[in-house]
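Undergrad: Counting in the working numbering, the sequence shown runs from 1316 upward without gaps. The structure's right below; bear with me while I get my questions together.
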Amino acid sequence: MNRTKFAVGGTRNTAFWATIRGASLALSAFSLSLLLARQLDVREFNTWVLIFGVVSWFPFVEAGLSSAVIRISAQFPLESRERRSVALTGATLLIGPVLFLCLVLVVVSYNAETLFPKVGAADGLPLSLTIIGLASASSVIVLPFAAFLLSVDRMKFLALNSLGFKSAQLVGSLATAAVFQTLLPTAIVWALIELAHNANLVRQCRGLGGIRPDRSEIRSQLVSHVRGYIVWACSGLFVSRLDVVVVGRVDPTRLGVYGLGLAVATLLPGFHSAMVVTVVPTISRIVAEGRDPLPWVYTFSRKVNILLAGATVLGVFFSNILSTWLVAAEIRSSFVRLTAVLLVANWLRLSCAIYASTLIALGKHTMIRLSPLTEAFTNFSLSVLLGWRYGAYGVAFGTLAGSAVSVLLHLLYNMRRFPIPGLSGQKFFRTCVSPSVGIVGCGLLVYVLLIL
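As structure tokens, then:
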């Protein structure tokens, strides 16, 4: 019993700092988008939204490599050379995909006005997209090093590093936008601070100088994990990162307001990621000690889902208040409605996310292929079809439909077809999902009765 408390309770400090880190990342992105909407004109801000809609694809190139670094590192002592070798090997595996991504970025950058002719992009779009994209590519390369620091309980540094540099990024970008009122100088400042953040992160991985990337067993384990995760990564790209691009094509006049709604809605995945970042290392540790992780999974998932549901309801009310300060009167209703739909879609999709993290921690994610592909197809196809007919609203409801499909497939198919001993769809829904459904349902009912 004492060992169980140590294995789970020992992550509480890590979880605290993980929450600080996730909050700094989510709030900085959220605040920057909202405040830049007041600093830049409509054309410049639409271009800003489009740029980050494109570069948000980049993390999916990593394809679960960070979780593989954490899971494989758990096999070795904390200060061992093997742990550092795992991180360094992971970074070398990313070099080829990131270089290819940079090539694609340059091609997209200098054809952006052709790809999105109705957006009315600012003059600095090609160069700004290239600069921000290259800085974002460097952020992908350092992800295995961040995973290494997490695996050796350095979450406090990761949190303070993100908090400091993201705060500087927010202040620097806003000050530059206020002074120059144009996109390109703002993009340069944002990229320079992002590069400094990444360099400081790598600098903390001491002892890497005399270590070579592993070419044998560790490399094969990493490749095996990533190969099984590619389907998840590709589906995630279609589920949560192409909506801005679709809106830019089908409803460019609402691109800015959709980006603002998305900035509010993506606070949920940001905070959720902060809360669940300890799932893979905790389960890996429990399993390595020969114990059953499911009691912890049920308890933790229920708590996270309840917090997420409360945040969803608060977000819906907050968006109504925020609209009176931020958004022009003629598009205020669009902002509130889009934000509400996107918030509910994100909450619904994340309600079974800890189950997916459990599969990753147990190395069973390679079995799950049908559900992520089905969700991706549903989300993207409905977003495009409904988007052509209803514009940005159609894209948002396509995202909501994809989220519903994802939850149903997890509960009705995956948990039956690929069972984990002691875990069932019925029990998971009753214990972990249904309380949050009640909270969101009641909250939306109160909102409709009081506000609408």
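Backbone N, C-alpha and C define an ideal beta-carbon position, used for all residues, glycine too.
1) Which whole-angstrom value is the C-beta distance of S1773 and A1660, which I expect to be below 8 Å?
2) Is S1751 closer than 8 Å to N1620 when the C-beta atoms are compared?
3) Quick one: grab the DSSP three-state call for L1738.
4) Does the pairing of the region 1420-1433 with the region 1471-1489 give three or more beta-carbon distances under 8 Å?
5) Output needed for F1345: all residues of its chain with C-beta closer than 6 Å, excluding positions within five of it in sequence on either side, in chain order.
6) What's the gap between the Cα of L1507 and the Cα of V1369?
7) What three-state label does DSSP hand Y1425 in the structure shown?
8) Quick one: measure Cβ to Cβ for Q1484 and L1355, integer angstroms, because I've assumed they're closer than 8 Å.
9) Quick one: using the 10 Å Cβ neighbour count with 16 as the cut-off for buried, is G1324 buried or exposed?
10) Leaving aside the five residues before and after L1726 along the sequence, list all residues of the same chain whose C-beta is less than 6 Å from its C-beta, in chain order.
11) For D1566 versus S1698, is the C-beta spacing smaller than 8 Å?
12) Classify G1324 as helix, strand or coil using the three-state DSSP reduction.
13) Return the Cβ separation of L1677 and I1735 in integer angstroms, given the expectation that the two are a contact with Cβ distance under 8 Å.
14) With a Cβ-Cβ cutoff of 8 Å, do I1366 and S1488 count as a contact?
15) Taking one C-beta from the region 1402-1412 and one from the region 1370-1384 each time, how about it: are there three or more such pairs within less than 8 Å?
16) CA-CA distance, A1493 and P1596?
17) Restricting to runs no shorter than 4 residues, where is the alpha helix (DSSP H) found entirely within the region 1566-1596?
18) Should F1712 and L1701 be called a contact, given that it needs their Cβ atoms to be closer than 8 Å?
19) Could you pull out every residue in the same chain whose Cβ sits closer than 8 Å to the Cβ of A1668, ignoring the five residues on either side in sequence?
20) Please look up how many angstroms separate the CB atoms of N1513 and V1457, rounded, as I've assumed it's under 8 Å.
21) Write down the C-beta distance between I1446 and I1533 rounded to the nearest angstrom, noting that I regard them as a contact closer than 8 Å.
22) If you check the beta carbons only, do S1381 and K1481 fall under 8 Å apart?
23) What do you reckon, are the CB atoms on L1657 and T1746 nearer than 8 Å?
24) Could you give the residue range of the alpha helix (DSSP H) that holds Y1705?
25) I need the boundaries of the alpha helix (DSSP H) containing Q1484, first residue and last residue.
26) Report buried or exposed for T1614, applying the criterion of at least 16 other Cβ atoms within 10 angstroms of its Cβ.
27) Confirm, please, whether the CB-CB distance from R1386 to S1599 is below 8 Å.
28) Comparing C-alpha positions only, which one of C1520, V1572, S1672 sits nearest to A1655?
29) Alpha carbon to alpha carbon, what distance is there between L1629 and L1347?
30) If you measure between the beta carbons of R1289 and S1388, is that distance less than 8 Å?
31) Roughly how many angstroms lie between the CA atoms of G1585 and G1551, to the nearest whole one?
32) Assign I1766 to one of two classes, buried (16 or more other C-beta atoms within 10 Å of its C-beta) or exposed (fewer than that).
33) Among P1500, L1537, V1748, V1562, which residue has its Cα nearest to the Cα of E1359?
34) With C-beta atoms as the reference, is L1516 less than 8 Å away from A1603?
35) For G1448, count the other beta carbons within 10 Å of its own beta carbon; 16 or more makes it buried, fewer makes it exposed. Which is it?
TA: Per the coordinate set shown:
1) As shown, the chain starts at 1316 and ends at 1767. That puts residue 1773 outside it, with no answer to give.
2) yes
3) strand
4) no
5) A1578, L1582
6) 19 Å
7) coil
8) At roughly 16 Å, the Cβ-Cβ gap does not stay under 8 Å, so Q1484 and L1355 are not in contact.
9) Low confidence applies here, because G1324 scores a pLDDT of 38, under 50, leaving its location unreliable; read the following figure in that light. With fewer than 16 other Cβ atoms within 10 Å, it is exposed.
10) G1740, F1744
11) no
12) Because the pLDDT at G1324 is just 38, under 50, the model does not fix this residue reliably, and the value given afterwards should be weighed accordingly. G1324 falls in the helix class under three-state DSSP.
13) 7 Å
14) no
15) yes
16) 43 Å
17) 1570-1580, 1582-1591
18) yes
19) H1587, V1591
20) 5 Å
21) Rounded, the Cβ-Cβ distance is 35 Å, inconsistent with contact.
22) no
23) no
24) 1685-1705
25) 1470-1495
26) exposed
27) yes
28) V1572
29) 20 Å
30) Given a span of 1316 to 1767 for the chain in the structure shown, any question on residue 1289 remains unanswerable.
31) 15 Å
32) exposed
33) P1500
34) no
35) buried
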